[in-house]
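Under full-length UniProt numbering, the first residue of the sequence shown carries the number 1, and numbering increases by one thereafter.
By construction, the Cβ of each residue, glycine as well, lies at the ideal position given by its N, Cα and C atoms.
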Amino acid sequence: MDPAQSVASTEDDFEIIDDQIPIRSRPSTGTNIAGERNPNEVAVQLHPLPDTNSMILSVHPPLHPEKELRHVPCDIVLCIDISYSMSSSAPLPTTDDSGKPEDTGLSVLDLTKHAARTIIETLNDNDRLGVVAFSTDAEVVYKISNMNEDNKKAALKAVEALWPLSSTNLWHGLKLSLEALEEVTPIPQNVQALYILTDGMPNHMCPRQGYVPKLRSILQQKDRLPMIHTFGFGYYIRSGLLQAISEVGGGTYSFIPDAGMIGTVFVHAIANLYTTFATQAMISIRTSGSVEIAQDEGSKTGLGLYEESTEDGALAVTVGSLQYGQSRDVIIRMKNATSKPSTAQATLTYNFQGNAKSVASSEQILSQRTSLPAHVSGYHLSRARICGFLRTLFPLRPDKQYASLTKDQLENAKQELDSIIKEIKQLGYTDEGNGSLVRDLAGEEPEGQISLSISTQANYEKWGKHYLLSLLNAHIRQICNSFKDPGPLEYGKNSPFFCRCREELDTCFDNLPPPKPSIIQKTRDGTVVPRASYAMSRYNCRNNPCFAGHCNIRLSEGNDSVPIENLRAGTKVWTPCGPRRVRAILATAVKDTVVCNIGSLIITPWHPIQVAGDWMFPSDVSERNTPFSGKVYSILLDSSPDSDAHAIMVEGHVCVSLGHGVRSGNDVRAHAFFGSYPSVARSLASLPRDVNGVLRCSGVKRNPLTELACGFIGEGRSRVTINKNSFRRSVKTGLHYRFRAPMTSASSRRTACLVF
1 MDPAQSVAST EDDFEIIDDQ IPIRSRPSTG TNIAGERNPN EVAVQLHPLP
51 DTNSMILSVH PPLHPEKELR HVPCDIVLCI DISYSMSSSA PLPTTDDSGK
101 PEDTGLSVLD LTKHAARTII ETLNDNDRLG VVAFSTDAEV VYKISNMNED
151 NKKAALKAVE ALWPLSSTNL WHGLKLSLEA LEEVTPIPQN VQALYILTDG
201 MPNHMCPRQG YVPKLRSILQ QKDRLPMIHT FGFGYYIRSG LLQAISEVGG
251 GTYSFIPDAG MIGTVFVHAI ANLYTTFATQ AMISIRTSGS VEIAQDEGSK
301 TGLGLYEEST EDGALAVTVG SLQYGQSRDV IIRMKNATSK PSTAQATLTY
351 NFQGNAKSVA SSEQILSQRT SLPAHVSGYH LSRARICGFL RTLFPLRPDK
401 QYASLTKDQL ENAKQELDSI IKEIKQLGYT DEGNGSLVRD LAGEEPEGQI
451 SLSISTQANY EKWGKHYLLS LLNAHIRQIC NSFKDPGPLE YGKNSPFFCR
501 CREELDTCFD NLPPPKPSII QKTRDGTVVP RASYAMSRYN CRNNPCFAGH
551 CNIRLSEGND SVPIENLRAG TKVWTPCGPR RVRAILATAV KDTVVCNIGS
601 LIITPWHPIQ VAGDWMFPSD VSERNTPFSG KVYSILLDSS PDSDAHAIMV
651 EGHVCVSLGH GVRSGNDVRA HAFFGSYPSV ARSLASLPRD VNGVLRCSGV
701 KRNPLTELAC GFIGEGRSRV TINKNSFRRS VKTGLHYRFR APMTSASSRR
751 TACLVF
C-alpha cells in the first residue's frame with residue numbers, strides 16, 4: 001500500500017508529466033499527498049506518528065520509466081544446481097484416481113530448465129545472459145552474451161543440455177557466477193542479477209569461515225554489485241542459508257514447495273527484476289533536538305553487505321532495490337520526540353543506470369502528526385509488527401545463517417501470534433491492505449498460512465520454516481512474489497509497468513513448448529511406457545460454470561444491480577429465498593468460447609437458467625449463439641440446504657449458482673460436482689486470487705471415467721494429453737492444472753459459464 005496513493009488518488013497519477021530524468025528537484029513535505037507528487041519523480045517523505053512514538057519513512061519511485069521500455073535492460077546469470085537430487089520427480093500437488101501425486105515424468109531439473117527458457121525467451125538485444133551449472137564443480141556452460149536471436153538459440157541449447165551429476169558445490173557455483181558478471185564490460189543502464197536455484201543442501205567445498213563472511217569479503221571488493229536471488233525447491237533445503245546469501249547480496253529468497261509453484265515464483269521474480277528503478281538504495285536520517293531514533297526490527301532487510309553502523313549521528317537505513325510504481329515504507333521508532341521541538345530530514349541515495357543519485361525530504365516537525373489516513377499508517381505499523389514477529393522465528397547463528405526454533409520456542413511463538421492477530425483485528429480496518437494482512441495471518445484455507453505454518457511442529461519443520469522466510473522477504477521489500485498469498489498481492493498492483501511485465505512472463509511460461517519428461521517409466525519386461533504429450537497453451541478448455549463481466553446481477557436491496565465484474569465477496573444479492581451473501585467469485589479468461597444470447601443475458605450453453613418456472617439449459621432457449629472472448633464469472637453463495645437459495649438474478653433471468661445441492665435425478669441442475677457445496681468450496685480454496693479477492697480459474701478438471709467436471713484449475717495451467725479411454729486430460733507444468741474430456745452425451749453436458 002502506497003501511503004501517497006491512498007490519500008487523494010487521481011487520474012493524474014498515471015500521466016506522463018515531462019521527459020525529465022526522474023530525480024526530484026526540490027524536497028517533498030512529510031504530508032505530501034498524491035495530487036501534489038509528480039509520479040515521474042522520486043519522492044522521499046517522512047510521516048510522523050507521535051501518538052505511537054514512530055514515523056513512516058516512505059520512498060516513492062517513479063510510476064514508470066521516462067521512456068517506453070518493454071522492460072529494464074538486464075545482465076543475468078542463471079546459477080543452476082545439477083546435482084543428482086535435481087533428477088528427482090517433481091509430481092504435481094494434485095492426485096490421480098488412486099490418490100497418489102500425479103507423476104508427469106518431469107524432474108526438478110526439467111522444470112528448472114523450462115523456467116530458464118522462459119527468461120531467455122523474454123530477453124532482447126539490450127539484455128545479456130550467462131549460465132553456470134554446479135555439481136561437484138561449477139562450470140560456465142554459456143558465457144554472458146547479448147540476447148539476439150542467434151545467441152538466444154545458443155543459450156537455450158546450453159540449458160537443454162544440462163544433466164544431473166553428483167554433489168552440491170554451491171559455493172563454487174556462486175563464486176564462478178560472480179566472476180562471470182565481473183568479466184563482462186559494464187553497461188551502466190543494465191541491472192545485474194544472479195539467480196541461484198537449488199533443491200538440496202550444500203555438501204561439497206563449503207567455506208570454512210561460513211558463506212556470509214566469505215561472500216561479504218568478496219562483494220566488498222567489487223565496484224558494481226549484482227543482486228543475488230536464491231530459490232529453494234522442495235523441503236530438504238537450507239533455507240536459512242539461502243536467506244542469508246540473498247540478504248547479503250541485496251536480493252530475495254523464494255521457496256518453491258512443489259511443481260505447482262515454480263511458474264508463479266519465477267514469473268514474479270523476473271517481473272520484479274524487469275521493473276527495477278534503482279539499486280543499492282540507502283537512506284540517511286538526521287534529527288535535531290533530543291529525539292532518539294532507531295529502525296523497527298520489522299522493517300530491516302536483514303543481513304547487509306556491512307555490519308550496521310551509524311555515521312556522523314545519522315541513522316542509516318538499507319533499502320536495496322526499488323521497483324517502478326511501488327513505494328518502500330519503513331517504520332522508524334522515536335524517543336523524546338515531543339519533549340522538545342525536534343525535526344528530522346531524510347536523504348535517499350541510490351544507483352540509477354550506473355550513476356549515483358540523491359534526493360532529500362523536507363525537514364519535518366516530529367510532534368506534528370502526518371495527514372496520512374489512520375488505515376494507511378495502521379497498515380504499515382501492522383505489516384512491521386508481522387515482519388518483526390517472523391524475524392523472531394529465525395534466530396541468527398554465529399556463522400550468520402538463520403536457524404529454526406525448538407519445540408518449546410515454537411509454543412511461545414504461537415502464543416505471540418495469537419496476540420498479534422487479536423491486536424490487528426481489534427484495529428477494525430476494513431480496507432484491502434489491512435484485510436490482506438489478516439488473511440495472511442488467520443484467513444480460511446488456503447489463506448491463513450502464517451498460523452497454519454506454526455500450528456504444529458510437523459508443519460513448521462516440513463514447510464513452515466522455508467515458507468515463512470520467503471513471505472518475510474515479500475513483506476519487508478514490498479514485492480509481489482507469487483499469486484498465492486493475499487498480503488504480497490498488494491504490492492505492485494498499482495504499477496502498470498510491473499503488471500504488464502508479469503503478464504508477458506506468465507503467458508510466455510505457459511505458451512512455450514513443454515519440457516520433455518526425463519524420467520523414464522518401464523514395464524516389468526523393460527518396455528518403455530510413453531509419457532503424456534504436453535501442450536502449454538494458456539487459453540485452452542476454459543469450460544467451468546461462470547458469468548460474464550458486463551451483465552448486471554441484482555442486489556438484495558430493491559432493484560439495485562451492479563455488473564458482475566464489480567461484485568465482491570461479502571455483498572448480499574437477491575435469491576428466490578431472500579438476500580444471501582456472496583461467499584466467493586470465480587473469474588475465467590476465455591477466448592472464442594461459444595455463448596448463448598438471451599435478451600441482454602450472455603451465458604454459456606449448459607449453465608441452467610429458469611424459464612417459466614422450469615430449469616432449462618440456455619442452449620435449448622437461446623435466440624442466437626456467438627463467440628465470446630473475455631472474462632466470465634461464477635458465484636458461490638453462503639451455504640443453504642434449500643437449492644432455491646442457490647440462484648441469482650442476472651439481466652432479469654434466474655440463474656443457478658455453484659454448490660446448489662442438486663446432485664442427482666432428472667433436474668437439469670443435477671451434477672455430482674457443481675451440485676456439491678463442500679466439493680466446490682474445497683476446490684475453490686485451492687485457487688489463486690487477484691488483488692480484489694476474485695479467484696482466478698483456467699477451467700475444470702474431469703473424472704476420466706465419467707468425463708464429468710470434478711474440480712477447478714487455477715489460472716495459467718497447461719495440459720497433458722493422455723491416450724486412454726478416449727478422454728483427454730490437461731495438466732499444468734508450473735502454476736496450474738486443467739482437464740478436458742469430450743462431450744459424448746447429454747449426461748456429460750457441462751454446467752457452463754454465464755457471460756455478464
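Practice task
Report the three-state DSSP secondary structure of serine 730 (helix, strand or coil).
Solution key: Note that serine 730 has pLDDT 27, beneath the 50 cutoff, so the model's placement of it is unreliable and no number is given.
Problem - Beta bridge counterpart(s) of cysteine 74 as assigned by DSSP - result: Val191
Exercise for the section: Tell me whether methionine 55 is buried or exposed, calling it buried when 16 or more other Cβ atoms sit within 10 Å of its Cβ. Expected result: buried
Practice task
Would you list the one or two residues that DSSP bridges to phenylalanine 231?
Solution key: Leu197 and Ser254
Practice task
Could you tell me if glutamine 409 is buried or exposed, where buried requires 16 or more neighbouring beta carbons within 10 angstroms of its beta carbon?
Solution key: exposed
Practice task
Throw me the rounded Cβ distance for the tyrosine 195 and phenylalanine 231 pair, which I believe falls under 8 Å.
Solution key: 7 Å
Handout entry: Under 8 Å between C-beta atoms of isoleucine 283 and threonine 347
Key = yes
Problem - Any 3 or more C-beta pairs closer than 8 Å across the segment 118-125 and the segment 173-181 - result: no
Problem - Buried versus exposed, by CB contacts within 10 Å (16 or more), cysteine 596 - result: buried
Problem - Delimiting residues of the beta strand (DSSP E) encompassing histidine 375 - result: First-last for histidine 375: 374-392, but that is the alpha helix (DSSP H), not the beta strand (DSSP E).
Problem - Three-state class that DSSP yields for glutamate 444 in the structure shown - result: coil
Handout entry: Euclidean distance between Cα positions of cysteine 206 and glutamate 149
Key = 38 Å
Handout entry: Backbone secondary structure at glycine 298 - three-state DSSP
Key = helix
Handout entry: Cutoff 7 Å; reference glycine 464; Cβ partners in own chain excluding five residues on either side
Key = Ser453 and Ile454
Practice task
Would you mind reading off the limits of the alpha helix (DSSP H) that contains proline 627?
Solution key: Unbroken run through proline 627 is the beta strand (DSSP E), 624-637; no alpha helix (DSSP H).
Problem - the segment 321-338 in contact with the segment 291-298 per 3-pair CB rule at 8 Å - result: yes
Problem - Pair within 8 Å by beta-carbon distance, isoleucine 144 and leucine 129 - result: yes
Practice task
Could you tell me which residues DSSP pairs with glutamate 292 in its beta bridges?
Solution key: Lys335
Problem - Straight-line Cα distance separating threonine 276 from glutamine 353 - result: 10 Å
Handout entry: 8 Å Cβ shell around glycine 325 - same chain, five flanking residues per side excluded
Key = Pro61, Pro62, Leu63, His64, Thr275, Gly492, Asn494, Ser495, Pro496, Phe497 and Phe498
Exercise for the section: Measure the Cβ-Cβ separation of valine 212 and leucine 305 and say whether it is below 8 Å. Expected result: no
Exercise for the section: For glutamate 651, count neighbouring Cβ atoms within 10 angstroms of its own Cβ and tell me buried if that reaches 16, exposed if not. Expected result: buried
Problem - Three-state class that DSSP yields for proline 48 in the structure shown - result: strand
Problem - Backbone CA spacing between serine 634 and arginine 208 [nearest angstrom] - result: 58 Å
Practice task
Assign valine 668 to one of three DSSP states: helix, strand, or coil.
Solution key: coil
Practice task
Alpha carbon to alpha carbon, how far is phenylalanine 389 from asparagine 566? Give it in angstroms, no decimals.
Solution key: 36 Å
Practice task
State the Cα-Cα distance for the pair glutamate 624 and leucine 46, rounded to the nearest angstrom.
Solution key: It should be pointed out that residue 624 corresponds to arginine in this sequence rather than to glutamate. Approximately 60 Å between the Cα atoms of the pair.
Problem - Stretch-stretch touch, CB-based, cutoff 8 Å, three pairs: the segment 381-401 with the segment 218-226 - result: no
Handout entry: Whole-angstrom distance between valine 44 and leucine 57, CA atom to CA atom
Key = 7 Å
Exercise for the section: Would you check if the segment 661-669 and the segment 547-562 touch, i.e. whether three or more CB-CB distances between them fall below 8 Å? Expected result: no
Handout entry: Residues of its chain near leucine 427, where Cβ-Cβ distance is below 6 Å and the 5 sequence neighbours each way are ignored
Key = Gly378
Problem - glutamine 345 to phenylalanine 509 span [Cα, whole Å] - result: 45 Å
Problem - For alanine 278, the first and last residue of its enclosing beta strand (DSSP E) - result: 276-287
Practice task
Over the uninterrupted alpha helix (DSSP H) stretch that includes valine 212, give me the two end residues.
Solution key: 211-219
Problem - Collapsed DSSP secondary structure at valine 330 in the structure displayed - result: strand
Handout entry: Nearest to aspartate 506 (by Cα), restricted to the options Gly714, Leu165 and Asp51
Key = Gly714
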